Amino acid sequence: MAELVGFVVIDKPAGLTSHDVVARVRRLVGRAVKVGHAGTLDPAATGVLPVALGSATRLIDQLVDARKGYVGVVRLGVQTTTDDAEGEPLATQPVPVLTEAEIAAVLDRFQGKILQQPPAFSALHIDGQRAYTLARAGNEVTLAPRLVQIDRLELLAWTPPDLTIAVACGKGVYIRALARDIGVALGCGAHLAALQRTFVGPFRLEQAVPLAALTDRSVLMQHLLLPETALLDWPILQLDDADTRRVRHGMAISAGATDVDRARAHDPAGRLIALLQRDGARWQPVKVFHRE
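Just so we're aligned, residue 139 is where the sequence shown starts under the numbering used here, counting upward by one.
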C-alpha cells in the first residue's frame with residue numbers, strides 16, 4: 139500500500155469544525171497515519187482547509203505565517219454577540235443610502251497595517267481560559283487590539299444590506315471583526331453573514347476537493363499534493379550523495395556563496411529531505427525527512 143504523505147486541500151462545508159474534517163480524513167486513512175490541518179475555519183465558514191498527512195504534518199508550522207484569502211458577506215444594520223450570523227442580535231440600526239464609491243472609501247481605511255480588536259467569542263486565552271468560554275458564561279470580555287496586516291480589501295458587490303468583499307491578509311486577522319468594524323465605520327453596525335476562504339499560502343480553492351467526494355482512500359490519493367507544495371517560496375538546494383548523507387544525519391553542510399537564509403534540500407532523486415537554515419557559511423538542517 140502506497141505511503142500517504144502530502145497535503146489534500148479540502149473545500150470545507152458549512153456546519154463542520156476543522157477538527158471534524160480531520161476526523162473524517164483520519165477514518166479514511168487509518169489511525170496509523172498522522173493527520174493535521176493548517177488554519178482553523180469557523181464551523182459556519184467554507185472553503186480552503188489544507189490537511190496534511192504523514193510526515194507532511196511537520197510542515198504545518200510553515201503555513202502559520204502564510205497569507206490567506208477570503209470572500210465574505212457583510213450584512214449591514216445588525217450587530218451580533220459573535221460578530222457573525224451564529225450570534226444573538228445586539229443592536230439594529232437603519233442602513234443609510236450608500237454608493238459603491240462611499241463604501242470603497244471606507245474599505246480603504248482598513249488596508250495596510252491596522253489595529254484590530256479580536257471578537258469576544260474567540261479562541262484566544264485570557265488568564266488560562268478561552269475567551270469564548272468566558273463570553274458564553276456571561277462575562278464581559280475585552281481583548282486588546284492587535285496589529286495585523288490587510289493587503290487587499292475590495293468591494294465585489296453591494297446589494298443592500300449586504301456587502302460582498304474580497305480580503306487578502308496576514309496571520310491573526312479575524313474577518314468577523316473586520317465586518318464589525320466596517321459596520322461601525324459606516325455608522326450602522328454589521329456582522330459577517332457568510333465566509334469562504336479562497337487560499338492559504340500556495341493552496342487555492344481551485345485545487346480543493348469537496349469533503350463529500352472523498353469516499354475512500356484511493357480517491358483521496360488522487361488529490362494528494364506533494365509535501366513541498368507548502369514550500370513553493372523556498373529556494374531548492376539540490377544535494378549530491380555525500381551532502382544528502384550528512385543532512386540526513388542532521389549534520390551541517392557548506393552553504394557556498396548564497397544570499398538566501400533558508401532552503402529546502404532535495405536528494406539526487408528529487409525527494410524533499412530537509413529544511414535548511416543558513417548559519418554563516420554553513421547550512422544547518424532544522425527539520426529532516428526521509429532519514430533512511
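Ideal Cβ placement from N, Cα and C applies to all residues, glycine included.
Predicted model, so just to flag it, every value in this text is computed and none were measured.
8 Å contact criterion, which residue i and residue j should meet: CB distance rounded
i      : j      : result
Ala306 : Arg290 : 4 Å
Leu324 : Phe145 : That belief does not hold up - the Cβ atoms of Leu324 and Phe145 are roughly 39 Å apart, past 8 Å.
Ala190 : Gly174 : 5 Å
Pro232 : Gly215 : 7 Å
Leu179 : Ser156 : 5 Å
Asp221 : His329 : 6 Å
Arg400 : Gly308 : Between Gly308 and Arg400 the Cβ distance is about 19 Å, and since that is not below 8 Å, they are no contact.
Trp372 : Arg402 : 5 Å
Leu358 : Leu293 : About 38 Å; that fails the 8 Å criterion.
Gly388 : Pro423 : 5 Å
Ala183 : Arg335 : 6 Å
Cys326 : Pro234 : 6 Å
Val311 : Val286 : 5 Å
Ala368 : Pro340 : 7 Å
Asp405 : Thr382 : 4 Å
Val163 : Phe337 : Val163 to Phe337, Cβ: 20 Å. No contact.
Residue i beta carbon near the ligand ZN (any heavy atom closer than 8 Å)
i      : result
Asp371 : You won't find the ligand ZN in this model; it holds no ligand whatsoever.
DSSP beta-bridge partners of residue i
i      : result
Arg290 : Ala306
Thr297 : Asp300
Gly185 : Lys150 and Arg335
Pro234 : None; Pro234 has no bridge partner.
His329 : Arg213
Pro348 : Asp149
Gly177 : According to DSSP, Gly177 bridges with nothing at all.
Ala243 : The partner list for Ala243 (beta bridge, DSSP) is empty, contrary to what the question assumes.
Gln376 : His404
Ala229 : Gln217
Arg342 : Phe337
Gly432 : The chain is shown from 139 up to 430; residue 432 falls before or after that span and cannot be answered.
Glu363 : As written in the sequence, residue 363 is Leu, which differs from the Glu given in the question. According to DSSP, Leu363 bridges with Phe145.
Asp203 : DSSP output for Asp203 lists no bridge partner at all.
Asp222 : Leu330
Where the alpha helix (DSSP H) containing residue i begins and where it ends
i      : result
Gln254 : Looking at the DSSP string, Gln254 is not in any alpha helix (DSSP H); the run it does join, the beta strand (DSSP E), is Gly250 to Gln254.
Val441 : Past the boundaries of the shown model lies residue 441; the chain is included only from 139 to 430, so the question cannot be answered.
Ala282 : Looking at the DSSP string, Ala282 is not in any alpha helix (DSSP H), and its letter there is neither H nor E.
Gln360 : Arg355 to Gln360
Val322 : Ile313 to Ala323
First through last residue of the beta strand (DSSP E) which encompasses residue i
i      : result
Gly122 : Limits of the chain in this structure are 139 at one end and 430 at the other, which puts residue 122 out of reach.
Asp417 : Leu410 to Asp417
Leu214 : Lys206 to Leu214
Val426 : Arg420 to Val426
Per the contact definition of three or more C-beta pairs closer than 8 Å, is the stretch 164-175 in contact with the stretch 204-219? Judged by Cβ distances under 8 Å, the stretch 204-219 makes no contact with the stretch 164-175, as fewer than three pairs qualify.
Is there contact between the stretch 376-383 and the stretch 399-412, where contact requires at least three CB pairs shorter than 8 Å? Yes, the stretch 376-383 is in contact with the stretch 399-412.
Closer than 8 Å is the cut-off here; do at least three beta carbon pairs connect the stretch 143-161 with the stretch 331-348? Yes: the two stretches touch, three or more of their Cβ pairs being nearer than 8 Å.
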